[in-house]
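Notes for the one structure printed next.
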Amino acid sequence: MVNILKIAGILVIISLLSVVTANSQNSLKDTIEIKEVIVTGSRIEVSRQNVPLTVSTLSRREIELSNESAVLPVLSQRIPGLFVTERGVTGFGVATGSAGQINIRGVGGTAPNTQVLVLLDGHPQFQGIFGHPLPDAYVSSDVEKIEVIRGPASIIYGSNAMAGAINIITKQQTKEGISGNANLSYGSFNTQKYMASGGFKKGPFKIFASINHNNTNGHRDNSDFKIINGYIKTGYDISSHFNITADVSIADFNAHDPGPVFNPSLFGIDVTRGKASLSVKNHFSKAEGGLIAFYNFGTHDLTDGWISEDYHTGISLYQGLRLFPGNTLTAGTDLKSVAGIGSHGMGADKWHHSTDIAGYT
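Per numbering that gives the first Met the number 0, the very first residue in the sequence shown carries number 0; after that it's consecutive.
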């Protein structure tokens with residue numbers, strides 16, 4: 000009798016294992032994995048496994064879960080080997096006492112931090128005189144995805160990408176009809192964060208807009224910071240193969256730094272940064288490319304007497320061909336111009352210009 004019970008128990012266990020195995024096999028057959036595609040390191044979408052660079056990506060979901068209003072703190076938390084200096088409760092500032100210095104794998108992180116290039120939708124974003132990124136101008140509510148090259152990318156983006164590159168891909172409306180979202184938070188030192196965004200899509204036309212406002216008194220006297228940022232992006236699908244997109248963003252931020260505790264020295268900034276771009280792109284089964292024009296501008300007014308204006312503009316034309324599976328040939332040309340004027344130093348009160356043109360394949 001005991002042997003019969005043992006045999007019956009073994010048969011029941013084998014039956015259960017068979018069911019579990021069968022279900023697992025069915026689940027595996029029903030699961031379809033989609034290869035991740037990236038655009039950083041290549042003008043067109045390619046499989047991540049075909050890019051000869053170390054690339055990390057952050058999805059929209061990961062950015063939302065961080066609950067950060069600025070982009071750089073999210074990267075510091077999520078990307079291996081990437082570090083960002085911070086100060087106070089919120090905000091980074093510029094010039095004396097500023098934070099937001101980016102370090103990738105031990106390279107970068109020192110003023111003026113020209114070793115890491117930040118891009119918005121593939122367009123370089125930096126101050127036109129000193130060439131450094133502008134951390135306060137990059138807000139998370141406008142972001143769909145972030146791609147980070149961890150390591151030298153100068154062969155693609157020039158000397159500003161010696162340590163790596165950060166490509167911030169902005170949002171656009173994808174759902175039909177009207178949608179919206181709003182967030183607000185309040186914390187220590189009278190820190191307030193407000194965000195509202197909304198979009199509309201009907202057929203080939205789509206538009207998305209957002210506005211952000213952050214404000215804090217700071218953890219010390221005279222360490223306040225405030226910023227207001229607006230963004231709008233619109234697009235139109237001319238056909239199944241061609242689309243046109245335009246976007247505009249502007250940010251105005253003010254900050255104060257009290258200096259060292261043992262030797263206070265008040266310093267303040269009033270900065271306005273903006274950008275606009277227009278692109279026409281094509282997409283076929285064997286070809287993909289586009290024509291992109293962008294214009295970045297800014298004004299800086301500092302309490303030490305420094306006042307400056309700068310701009311960075313460019314046009315990019317590129318086309319990629321998939322001649323056979325696993326191979327993509329891309330060719331194009333870039334024209335870029337950078338200019339600035341400052342109130343101090345050699346050549347003060349005169350506009351200085353630099354223009355470059357280059358082709359690649």
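Virtual Cβ for every residue (Gly too), placed ideally from N, Cα, C.
Below 8 angstroms between beta carbons: does that hold for residue i and residue j?
{"i": "lysine 200", "j": "glycine 176", "result": "yes"}
{"i": "isoleucine 226", "j": "aspartate 251", "result": "yes"}
{"i": "arginine 77", "j": "glutamate 61", "result": "yes"}
{"i": "isoleucine 165", "j": "valine 115", "result": "yes"}
{"i": "threonine 113", "j": "glycine 130", "result": "yes"}
{"i": "threonine 360", "j": "alanine 330", "result": "yes"}
{"i": "leucine 119", "j": "isoleucine 167", "result": "yes"}
{"i": "asparagine 189", "j": "threonine 215", "result": "yes"}
{"i": "glycine 346", "j": "isoleucine 128", "result": "no"}
{"i": "arginine 149", "j": "glycine 80", "result": "yes"}
{"i": "alanine 357", "j": "threonine 332", "result": "yes"}
{"i": "glutamate 146", "j": "threonine 169", "result": "no"}
{"i": "histidine 311", "j": "proline 111", "result": "no"}
{"i": "aspartate 309", "j": "glutamine 126", "result": "yes"}
For residue i, does the count of other Cβ atoms within 10 angstroms reach 16, so buried, or fall short, so exposed?
{"i": "lysine 349", "result": "exposed"}
{"i": "leucine 27", "result": "Below a pLDDT of 50, predicted positions are generally treated as unreliable, and leucine 27, at 46, falls in that range; no measurement from the model is reported."}
{"i": "leucine 74", "result": "buried"}
{"i": "aspartate 141", "result": "buried"}
{"i": "asparagine 66", "result": "exposed"}
{"i": "serine 68", "result": "buried"}
{"i": "lysine 232", "result": "buried"}
{"i": "aspartate 220", "result": "exposed"}
What does DSSP give as the partner residue(s) for residue i in the beta ladder?
{"i": "asparagine 180", "result": "Ser196"}
{"i": "isoleucine 226", "result": "Asn213 and Phe252"}
{"i": "leucine 328", "result": "Leu320"}
{"i": "valine 83", "result": "Ile101"}
{"i": "glutamine 191", "result": "Tyr185 and Asn214"}
{"i": "glycine 288", "result": "Asn281 and Gln318"}
{"i": "lysine 232", "result": "Phe207 and Asp246"}
{"i": "lysine 201", "result": "Phe204"}
{"i": "aspartate 359", "result": "Note that residue 359 is tyrosine in the sequence shown here, rather than aspartate. DSSP output for tyrosine 359 lists Gly331 as bridge partner(s)."}
{"i": "aspartate 220", "result": "Answer by DSSP bridge pairing: none, since aspartate 220 is not bridged."}
Give every residue of the same chain whose Cβ lies closer than 6 angstroms to the Cβ of residue i, excluding the five residues on either side of it in the sequence, and list them in chain order.
{"i": "aspartate 269", "result": "Asn253 and Asp300"}
{"i": "histidine 212", "result": "Tyr193 and Ile227"}
{"i": "valine 260", "result": "none"}
{"i": "alanine 21", "result": "With a pLDDT of 47 at alanine 21, under the threshold of 50, the predicted position of this residue should be treated as unreliable, though the coordinate-derived value follows. Result list for alanine 21: empty, nothing under 6 angstroms."}
{"i": "lysine 285", "result": "Arg321"}
{"i": "arginine 272", "result": "Leu133, Ala136, Ala250 and Gly297"}
Does the beta-carbon of residue i, which I'm using as the reference point, lie nearer than 7 angstroms to any heavy atom of the ligand ADP?
{"i": "serine 68", "result": "Ligands are entirely absent from the displayed structure, and the ligand ADP is therefore not among its contents."}
Here's a check: name, in chain order, each residue in its chain whose Cβ is nearer than 7 angstroms to the Cβ of residue i, leaving out the five neighbours to either side.
{"i": "serine 178", "result": "Gly197 and Gly198"}
{"i": "proline 203", "result": "Tyr235 and Asp236"}
{"i": "histidine 240", "result": "Asn281, His282 and Phe283"}
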